[in-house]
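Residue numbers (our numbering), protein chains in the order written: chain D, 1 to 463; chain Y, 464 to 926.
The beta-carbon is built from N, C-alpha and C at its ideal position, and this holds for glycine as well.
Owing to the predicted nature of the structure, the values given are computational and were not obtained by experimental measurement.
Protein chains: 2
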Amino acid sequence: MMNEKLKWLFSPGSVAVIGASDSFDKLGYHVMKSLVKGRYRGAIYPVNPKAEKLWGIRTYPSLKDIPGEVDLAVIVVPAPSVPGTLQECGQKMVKGVVLITAGYKEIEDSQGETLEGEIKEIAGRYEIPIIGPNTFGFVNMTDGVNASFTYEFSLIKKGGVTLISQSGGFCHLCGFLAMEERMGMAKLMSLGNRVNVDFPEALRHFIEEDDATRVIALYIEGLDEPRGLLEMARSMGGKKPIIAYKAGKSEKGDSASRFHTGSLAGKYEIWKGALRQARILEVTSAEELIDTAKVLDVCAPIKGNRIAVLSGQAGPGMIAADALEDAGLKLAGFTTTTQEKINELLPPVAIRTNPVDMGPAWYSPKAMLDILKVTLEDEGIDGVIFIAMFASANLEVTKTMEGLMKDIEPFKKPVVACFTAPAGVWDEEIKRMDGEKGVAIIHTPERAAKAMGNLWKMQLIMR
Amino acid sequence: MMNEKLKWLFSPGSVAVIGASDSFDKLGYHVMKSLVKGRYRGAIYPVNPKAEKLWGIRTYPSLKDIPGEVDLAVIVVPAPSVPGTLQECGQKMVKGVVLITAGYKEIEDSQGETLEGEIKEIAGRYEIPIIGPNTFGFVNMTDGVNASFTYEFSLIKKGGVTLISQSGGFCHLCGFLAMEERMGMAKLMSLGNRVNVDFPEALRHFIEEDDATRVIALYIEGLDEPRGLLEMARSMGGKKPIIAYKAGKSEKGDSASRFHTGSLAGKYEIWKGALRQARILEVTSAEELIDTAKVLDVCAPIKGNRIAVLSGQAGPGMIAADALEDAGLKLAGFTTTTQEKINELLPPVAIRTNPVDMGPAWYSPKAMLDILKVTLEDEGIDGVIFIAMFASANLEVTKTMEGLMKDIEPFKKPVVACFTAPAGVWDEEIKRMDGEKGVAIIHTPERAAKAMGNLWKMQLIMR
Numbered sequence: 001m002m003n004e005k006l007k008w009l010f011s012p013g014s015v016a017v018i019g020a021s022d023s024f025d026k027l028g029y030h031v032m033k034s035l036v037k038g039r040y041r042g043a044i045y046p047v048n049p050k051a052e053k054l055w056g057i058r059t060y061p062s063l064k065d066i067p068g069e070v071d072l073a074v075i076v077v078p079a080p081s082v083p084g085t086l087q088e089c090g091q092k093m094v095k096g097v098v099l100i101t102a103g104y105k106e107i108e109d110s111q112g113e114t115l116e117g118e119i120k121e122i123a124g125r126y127e128i129p130i131i132g133p134n135t136f137g138f139v140n141m142t143d144g145v146n147a148s149f150t151y152e153f154s155l156i157k158k159g160g161v162t163l164i165s166q167s168g169g170f171c172h173l174c175g176f177l178a179m180e181e182r183m184g185m186a187k188l189m190s191l192g193n194r195v196n197v198d199f200p201e202a203l204r205h206f207i208e209e210d211d212a213t214r215v216i217a218l219y220i221e222g223l224d225e226p227r228g229l230l231e232m233a234r235s236m237g238g239k240k241p242i243i244a245y246k247a248g249k250s251e252k253g254d255s256a257s258r259f260h261t262g263s264l265a266g267k268y269e270i271w272k273g274a275l276r277q278a279r280i281l282e283v284t285s286a287e288e289l290i291d292t293a294k295v296l297d298v299c300a301p302i303k304g305n306r307i308a309v310l311s312g313q314a315g316p317g318m319i320a321a322d323a324l325e326d327a328g329l330k331l332a333g334f335t336t337t338t339q340e341k342i343n344e345l346l347p348p349v350a351i352r353t354n355p356v357d358m359g360p361a362w363y364s365p366k367a368m369l370d371i372l373k374v375t376l377e378d379e380g381i382d383g384v385i386f387i388a389m390f391a392s393a394n395l396e397v398t399k400t401m402e403g404l405m406k407d408i409e410p411f412k413k414p415v416v417a418c419f420t421a422p423a424g425v426w427d428e429e430i431k432r433m434d435g436e437k438g439v440a441i442i443h444t445p446e447r448a449a450k451a452m453g454n455l456w457k458m459q460l461i462m463r
Numbered sequence: 464m465m466n467e468k469l470k471w472l473f474s475p476g477s478v479a480v481i482g483a484s485d486s487f488d489k490l491g492y493h494v495m496k497s498l499v500k501g502r503y504r505g506a507i508y509p510v511n512p513k514a515e516k517l518w519g520i521r522t523y524p525s526l527k528d529i530p531g532e533v534d535l536a537v538i539v540v541p542a543p544s545v546p547g548t549l550q551e552c553g554q555k556m557v558k559g560v561v562l563i564t565a566g567y568k569e570i571e572d573s574q575g576e577t578l579e580g581e582i583k584e585i586a587g588r589y590e591i592p593i594i595g596p597n598t599f600g601f602v603n604m605t606d607g608v609n610a611s612f613t614y615e616f617s618l619i620k621k622g623g624v625t626l627i628s629q630s631g632g633f634c635h636l637c638g639f640l641a642m643e644e645r646m647g648m649a650k651l652m653s654l655g656n657r658v659n660v661d662f663p664e665a666l667r668h669f670i671e672e673d674d675a676t677r678v679i680a681l682y683i684e685g686l687d688e689p690r691g692l693l694e695m696a697r698s699m700g701g702k703k704p705i706i707a708y709k710a711g712k713s714e715k716g717d718s719a720s721r722f723h724t725g726s727l728a729g730k731y732e733i734w735k736g737a738l739r740q741a742r743i744l745e746v747t748s749a750e751e752l753i754d755t756a757k758v759l760d761v762c763a764p765i766k767g768n769r770i771a772v773l774s775g776q777a778g779p780g781m782i783a784a785d786a787l788e789d790a791g792l793k794l795a796g797f798t799t800t801t802q803e804k805i806n807e808l809l810p811p812v813a814i815r816t817n818p819v820d821m822g823p824a825w826y827s828p829k830a831m832l833d834i835l836k837v838t839l840e841d842e843g844i845d846g847v848i849f850i851a852m853f854a855s856a857n858l859e860v861t862k863t864m865e866g867l868m869k870d871i872e873p874f875k876k877p878v879v880a881c882f883t884a885p886a887g888v889w890d891e892e893i894k895r896m897d898g899e900k901g902v903a904i905i906h907t908p909e910r911a912a913k914a915m916g917n918l919w920k921m922q923l924i925m926r
């Protein structure tokens, strides 16, 4: 029953905003903005007893006055009026709730805990799944539903990564990094105080019910009962790759977690082992989370750890080579056939062994592309890191970049690329090709190597 | 003598471009573009026997036809004609040379080595310092001299960081990252094959002779005689902070270095110890190099390792707290006075101990600023990490950000900030305040913590 309702919650045909507003300093303003400017295509029902129209949309004094069905209610009214509002949601047979309002279990005042108990009881009685309280909401990029107070998340590219987070702030950090790095997302959500939708429920939903989700990223601060999450992850049996960022590692961070979401972060060392056993790959920074999720979403699976580095400049190729070995990968030797072909394509002045310095082929995009293809054909190579730094003289490389897309997909091997240029120079080409045909573009050579390493680690976890 | 000439080389009153061109596919075109579009204020003398005017500037058939003195000659003619050209430079009493042409010691053909020997001999005879061969050149942001084939480096912000690199590709990577991260630079150079200007000469110059350089970053692949660099660094006695990125750590990377710049990278473990002994702080990625150099350049010195984290959102504050401890810093407790003041500024719903969650003060930029000031006044706090994620509802935070600048300088403590927002939202404010009044803005909470940690490590190295 709750499982069925979660589908309606995340892809609602109609949304009521309880506490809708047209004044900028109210969260009800920003939720309305997210739905309206985020181009939500279902019915929007603003609820506010003091207005007849908000955002140009007919407004209702209360939930029960809304004529049609309400699939999702987003609640932003003050904490003490939430139990009454939830009761109304139950009576109206609302299928799901996003409860943005804060001031419950996470505050020092014991009244918060009492109120949260009430909410839980009402939600249970009417079987309403609740995201929150104390959440920024969720964003469904797949269907264009921004049920959060941050409109800008509607600008994130559509894709296969879903982030289930225990912190709204972390969603903001990752959401903006995702925009910068052109990572495609399916859903973005903060669980808040997890009154009845916790990690296991969300994880099950996105693995079992949401085809658009291909990769799951978790941000975990602390859980009183981590077993539910871990067992759910394990039972999903490697159906979709799951990565996790565990915060609250230090003692102080741990006590901050206690206040933030009302639960202890717990001993990090225990978490580390438990994640591994649950087939979850741990990442240790927001940028690593973004890079890894992106590569897992767009690249072909990797079958081994033998990597070739092809770089337009020797230095960046060398640092990628160093970083590869740190990431558990190997710089592979080429077969004789491959080496002979590369020797034909590159003059002796170049470094023609792995990591290859394609410098002398700078002015021949065709030669660079041919080197890439020859390398992908090599049975001893499982993946390629392709690097090019812009220089005033090599605008031609743009053609190579675009060419990459068209030809490499049939090889079914991961290609992680790093194209570095001043703002505005290659932006359009990078935007067009990133994520297409199995190529992921990653910000620096070191991060490209690390992301490729995580692709391999995930392969080991999932098989 | 050579020392005196290096000053002219890096800040020339006149530049001759030998091999100047107006066709896009020649490096001589791009060097001209760098000087002209980069707004070099001295005299430019294009040299090309086949043209009378290039880039609208009178062009000379050879060096000796130039009427005035030539401080710097940038040479892009083919390798075999370089010895003759250098001879002419000597006769013309040119003070310094940038030799972009490649094809010497780094190539497999033994002719390269012979030619390089000739060059060295001529340079020695006339006492001409040469940057290169096999270099992209150098850029002097301080005085607006772009003697390289990449015009776009002229867009880098002016500042105190000088990068001395053994790879031109790495200069491109770091230069573009510097632009993205608004890092101010003094000079950017690639040594190339180091015929007579090597790390020790460049290091001495930028420490002793260049006031604009406040921080030195080195990118090292491998040196046959590392002692010169290490002894020079040590003898400079901590006059300016020096950081280094050592590439070619792996065996394969090492052999790539052999081809790239004609010298072995050498055992990494030995390098690690040697750098430490030479009072050089090692960094291990291009992004860490940028972040660390920037913080060293713009922040006040740090006197201890007790840090406060003030964050607009709990999650990003927690991950900064975790990263701090990994970076060798400590999350400090507040004194009773500080704690009492923070308790007045923040309601009990907030996390008021370190890491502080300023969430409830979101709508009061004044309260956020007051918390920052109270924390900086605390004698038990040596530095502050200040974090704010944009959300649609908190545009007001912009005011806090701008306010930061005006008030925090008198405290003489480092403030590393992390302001994350979608492109276009806070860009102007971030640009205005970054690097001003002791505030460095770093891309993510984890990187902010790492950069602050490196500030402390450098403090330990230099004292």
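Bridge partners - residue i, DSSP secondary structure assignment
i, result
"Glu745 of chain Y", "Y:Ala707"
"Thr625 of chain Y", "Y:Lys650 and Y:Ile679"
"Gly846 of chain Y", "Y:Ile770"
"Arg58 of chain D", "D:Lys53"
"Tyr45 of chain D", "D:Ala16"
"Lys330 of chain D", "D:Arg306"
"Leu929 of chain Y", "Past the boundaries of the shown model lies residue 929 of chain Y; chain Y is included only from 464 to 926, so the question cannot be answered."
Distance between beta carbons of residue j and residue i, contact taken as under 8 Å
i, j, result
"Gly38 of chain D", "Asn146 of chain D", "3 Å"
"Ser190 of chain D", "Thr135 of chain D", "5 Å"
"Ile585 of chain Y", "Pro546 of chain Y", "6 Å"
"Ile834 of chain Y", "Val812 of chain Y", "At roughly 15 Å, the Cβ-Cβ gap does not stay under 8 Å, so Ile834 of chain Y and Val812 of chain Y are not in contact."
"Glu590 of chain Y", "Met464 of chain Y", "6 Å"
Cβ neighbour criterion (16 or more within 10 Å) applied to residue i
i, result
"Arg588 of chain Y", "exposed"
"Glu579 of chain Y", "buried"
"Thr336 of chain D", "exposed"
"Gly775 of chain Y", "buried"
"Glu208 of chain D", "exposed"
"Ser477 of chain Y", "buried"
"Asn656 of chain Y", "buried"
"Arg447 of chain D", "buried"
"Pro445 of chain D", "buried"
"Phe170 of chain D", "buried"
Between the CA atoms of residue j and residue i - distance to the nearest angstrom
i, j, result
"Glu113 of chain D", "Leu275 of chain D", "30 Å"
"Gly638 of chain Y", "Lys869 of chain Y", "29 Å"
"Leu264 of chain D", "Glu225 of chain D", "For Leu264 of chain D, the predicted model reports a pLDDT of 46, less than 50, meaning its position is unreliable; a value from the coordinates is still stated below. Cα to Cα, Leu264 of chain D sits roughly 10 Å from Glu225 of chain D."
"Gln339 of chain D", "Met368 of chain D", "14 Å"
"Arg234 of chain D", "Met358 of chain D", "44 Å"
"Gly160 of chain D", "Ala186 of chain D", "5 Å"
"Ala771 of chain Y", "Val879 of chain Y", "11 Å"
"Gly435 of chain D", "Ala451 of chain D", "14 Å"
"Trp919 of chain Y", "Leu469 of chain Y", "33 Å"
"Met522 of chain D", "Gly248 of chain D", "The requested residue 522 of chain D does not occur in the structure, where chain D is confined to residues 1 to 463."
"Val761 of chain Y", "Asp845 of chain Y", "16 Å"
"Gly438 of chain D", "Ala278 of chain D", "27 Å"
"Glu467 of chain Y", "Glu664 of chain Y", "11 Å"
"Leu640 of chain Y", "Ile627 of chain Y", "16 Å"
Residue i beta carbon near the ligand GDP (any heavy atom closer than 6 Å)
i, result
"Ala813 of chain Y", "Absence of the ligand GDP from the depicted structure is noted, as is the absence of any ligand whatsoever, leaving it without description."
Every unbroken beta strand (DSSP E) inside the segment 90-147 of chain D [3 residues or more]: Here the runs fully enclosed are 96-99 and 137-140.
Could I get the ranges of all uninterrupted beta strand (DSSP E) runs contained in the segment 862-895 of chain Y, with 3 residues as the minimum, in chain order? Residue ranges of uninterrupted beta strand (DSSP E) with 3 or more members, entirely inside the segment 862-895 of chain Y and ordered along the chain, are 878-883.
With 8 Å as the C-beta to C-beta threshold (strictly closer), list the residues of the segment 419-441 of chain D near chain A in chain order. Note that chain A does not occur in the displayed structure, where the protein chains are D and Y.
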